[in-house]
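Heads up: the protein sequence lines correspond to chains A and B, in order. At position 18 of the first sequence the residue is numbered 18 (UniProt numbering), and the sequence of numbers has no breaks. At position 38 of the second sequence the residue is numbered 38 (UniProt numbering), and the sequence of numbers has no breaks. Structure record follows, encoded as C-alpha cells.
Number of protein chains: 2
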Amino acid sequence: MATDLYDDDRITAFGLFVEAYTGIMSRLAGQLAEHGLSVVEFEVLLRLSRSEHQQLRMSDLAAQTSLSTSGVTRVVDRMERDGLLCRRACPHDRRSSYAAVTTSGLTRLTATLPGHLELIAQWFTGQLPAEDLTRMLGSLRTLRDAVAPGATSGVAAVD
Amino acid sequence: MATDLYDDDRITAFGLFVEAYTGIMSRLAGQLAEHGLSVVEFEVLLRLSRSEHQQLRMSDLAAQTSLSTSGVTRVVDRMERDGLLCRRACPHDRRSSYAAVTTSGLTRLTATLPGHLELIAQWFTGQLPAEDLTRMLGSLRTLRDAVAPGATSGVAAVD
DNA sequence: TGTGTATAGTTGCGTTAACAACATCTTCTC
DNA sequence: GAGAAGATGTTGTTAACGCAACTATACACA
Chain A
1 MATDLYDDDR ITAFGLFVEA YTGIMSRLAG QLAEHGLSVV EFEVLLRLSR SEHQQLRMSD
61 LAAQTSLSTS GVTRVVDRME RDGLLCRRAC PHDRRSSYAA VTTSGLTRLT ATLPGHLELI
121 AQWFTGQLPA EDLTRMLGSL RTLRDAVAPG ATSGVAAVD
Chain B
1 MATDLYDDDR ITAFGLFVEA YTGIMSRLAG QLAEHGLSVV EFEVLLRLSR SEHQQLRMSD
61 LAAQTSLSTS GVTRVVDRME RDGLLCRRAC PHDRRSSYAA VTTSGLTRLT ATLPGHLELI
121 AQWFTGQLPA EDLTRMLGSL RTLRDAVAPG ATSGVAAVD
C-alpha cells in the first residue's frame with residue numbers, strides 16, 4: 001500500500017501550517033467569544049473601524065472579508081440587531097448601502113482589542129526569536145502575494 | 001480615534017498568516033471539490049488511510065480532526081452513503097464502532113492525492129527557497145507545539 | 001427617451017457544523 | 001454481582017454560510 005504517498009513531505013509540511021493556524025485561531029476565537037463576538041464579526045468590526053468614517057459599502061466589505069455578499073448581508077443583519085452596526089443609505093447610488101460602526105460597536109471593539117493583541121503576542125509573535133519572526137513574516141508575505149494578490153498590504157491583513 | 005490600535009503590528013503580522021492560509025486553502029479546496037470531496041472528507045479519508053487497517057474508532061477520528069464527535073457521526077454518515085467508508089462493529093467494546101475506508105474510498109483518495117500534492121508544491125513549499133522553507137517549517141513547528149501540544153508529529157499533520 | 005446590460009443588495013433553499021440531551025454499553029466499587 | 005460513574009455514538013435543535021433567483025437601481029447607447 002503506497003503508504004509513502006500519504007506521508008509525503010509536502011503533506012507533513014502543510015499539516016504543520018494547518019495545525020499552527022487552527023491552534024492559534026481557536027485561542028483567539030475563545031477570547032473573542034468572551035466579548036460576545038465571532039471571528040467573522042470581529043473582522044467586520046475591525047475592517048469598518050479602520051475605514052473612512054468607520055463605514056464601508058456592503059460589497060466592499062464582502063471583498064475584504066472571506067464572505068460572499070449574502071454572507072455579509074446576514075452578518076450585518078445580526079450585528080445591526082445587536083446594535084454594533086447600522087446601515088446607511090449611499091447618497092450617490094441608491095443601490096448601495098453602507099454598513100457603519102455604531103458607538104456601541106466601537107466600544108465593543110475597543111474592549112476586545114487589547115486582549116486580542118496580547119494573545120497574538122503570546123501565541124504567535126512572541127513565540128519566535130526576533131530574527132525568526134522577521135523571516136517568517138517575509139515568507140508569509142511571499143506566500144500571501146502569490147496566492148491572494150488582491151490583498152495588498154495597504155488594505156491589509158486582519159484575521 | 002486610536003487608529004494606531006487597529007493597525008498594530010501584531011494584527012498586520014497575524015493578518016499575513018491568515019491571508020496566506022486562507023488563500024492556499026481555498027485553492028486546495030477547489031481541487032478537492034473537483035474530485036467530489038470537501039476538505040473535511042479529504043482529511044477523514046487521509047487519516048483513515050494512514051491508520052492500521054485503514055480504520056479508526058469514531059472518537060479517535062474526532063480527536064484527530066477538527067470535528068466534534070457528532071460532527072464525525074455526520075461526515076461518516078454522508079461518506080458511508082456515498083460508499084467511501086463503512087462502519088464496522090468493534091469486537092472488544094460494543095459501544096465503539098470503526099469507520100473504515102472502502103476500496104472505493106481508497107480509489108478516490110488515490111485519484112485526488114497527486115493533484116493535491118502538486119498544489120501544495122505550487123503554492124506553498126515551492127514558493128520559498130529551500131533555506132527559507134526549512135526555517136519556516138521550524139518556526140511553524142514551534143508555534144504548533146506551543147498551541148496544539150497534543151498533535152505530536154508522529155500522528156501528524158494533514159489539512 | 002427607451003431599451004438592454006451590468007451592478008448592489010436581499011431572500012429562499014440546501015448543506016454543514018456545534019451543542020445539548022439522550023440511549024447504550026463498560027468499568028469501577030463495594 | 002448490583003448500582004454508580006464514565007465512555008461512546010446518535011439525534012434534535014439551532015446557527016451560519018454559499019448559491020441561485022429575484023428586485024431595484026444605474027449606466028450605455030442609439
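Glycine included, each C-beta is placed from N, C-alpha and C at the ideal position. Being a predicted model, the structure only gives us computed values, none of them experimental.
- Of all residues in the region 66–88 of chain A, those with a C-beta nearer than 8 Å to a C-beta of chain B are S66, reading in chain order.
- The beta carbon of D60 (chain B) sits no closer than 8 Å to any beta carbon of chain A.
- Closer than 8 Å to the CB of L117 (chain A) there is at least one CB belonging to chain B.
- The C-alpha of A62 (chain B) lies about 11 Å from the C-alpha of V76 (chain B).
- Against chain B, the CB of A20 (chain A) has a partner CB under 8 Å away; the residue lies at that interface.
- Between the alpha carbons of G83 (chain B) and A100 (chain B) lies a distance of about 11 Å.
- Neighbourhood of Y98 (chain A) in chain B, by CB distance below 9 Å: empty, with the nearest CB roughly 17 Å away.
- Contact of S139 (chain B) with chain A by beta-carbon distance below 7 Å involves L128, D132 and M136.
- What L5 (chain B) touches in chain A, judged by beta-carbon distance under 7 Å, is L113, going in chain order.
- Distance between R78 (chain A) and G138 (chain A), taken at the CA atoms: about 37 Å.
- Assigned with DSSP and collapsed to three states, L85 (chain B) falls in strand.
- Along the length of the region 97–136 of chain B, whole alpha helix (DSSP H) runs at least 4 residues long occupy 103–123, reported in chain order.
- Under the three-state reduction of DSSP, R27 (chain B) is assigned to helix.
- Residue pairing by DSSP places R57 (chain B) opposite B:Y98 in a beta bridge.
- Counting C-beta pairs with one atom in each stretch, the region 127–145 of chain A and the region 131–149 of chain B have three or more that are closer than 8 Å, which means they touch.
- In the structure shown, D145 (chain A) adopts helical secondary structure according to DSSP, grouped into three states.
- Distance from the CA of F42 (chain A) to the CA of L109 (chain A), rounded to the nearest whole angstrom, comes to 8 Å.
- Assignment of L37 (chain A) by DSSP, reduced to helix, strand and coil, places it in the coil class.
- The Cβ atoms of W123 (chain A) and A13 (chain B) do not sit closer than 8 Å to each other.
- Judged by their CB atoms, L67 (chain B) and L56 (chain B) are not nearer to each other than the 8 Å cut-off.
- L143 (chain A) and L119 (chain B) have their C-alpha atoms spaced approximately 13 Å apart.
- Not a single C-beta of chain A is nearer than 8 Å to the C-beta of F42 (chain B).
- The C-alpha of T103 (chain B) is placed about 42 Å away from the C-alpha of A33 (chain A).
- When the five nearest sequence neighbours on each side are left out, the beta carbons in the same chain lying within less than 7 Å of the beta carbon of H35 (chain A) are those of R108, A111 and T112, in order along the chain.
- Look at D93 (chain A): its C-beta is not under 8 Å from any C-beta on chain B.
- In this structure, the beta-carbon distance from R81 (chain B) to Y98 (chain B) does not fall below 8 Å.
- A straight-line Cα-Cα distance of about 32 Å links S38 (chain B) and H92 (chain B).
- Chain order gives the chain B residues near V147 (chain A) as A20, G23, I24, R27 and W123, where near means a beta carbon separation below 7 Å.
- In this model, D60 (chain A) and Y6 (chain B) are separated by some 19 Å (Cα to Cα).
- In terms of beta-carbon proximity, S104 (chain A) stays away from the interface with chain B, with every pair separated by 8 Å or more.
- For the region 28–39 of chain B, no residue has a beta-carbon sitting nearer than 7 Å to a beta-carbon of chain A.
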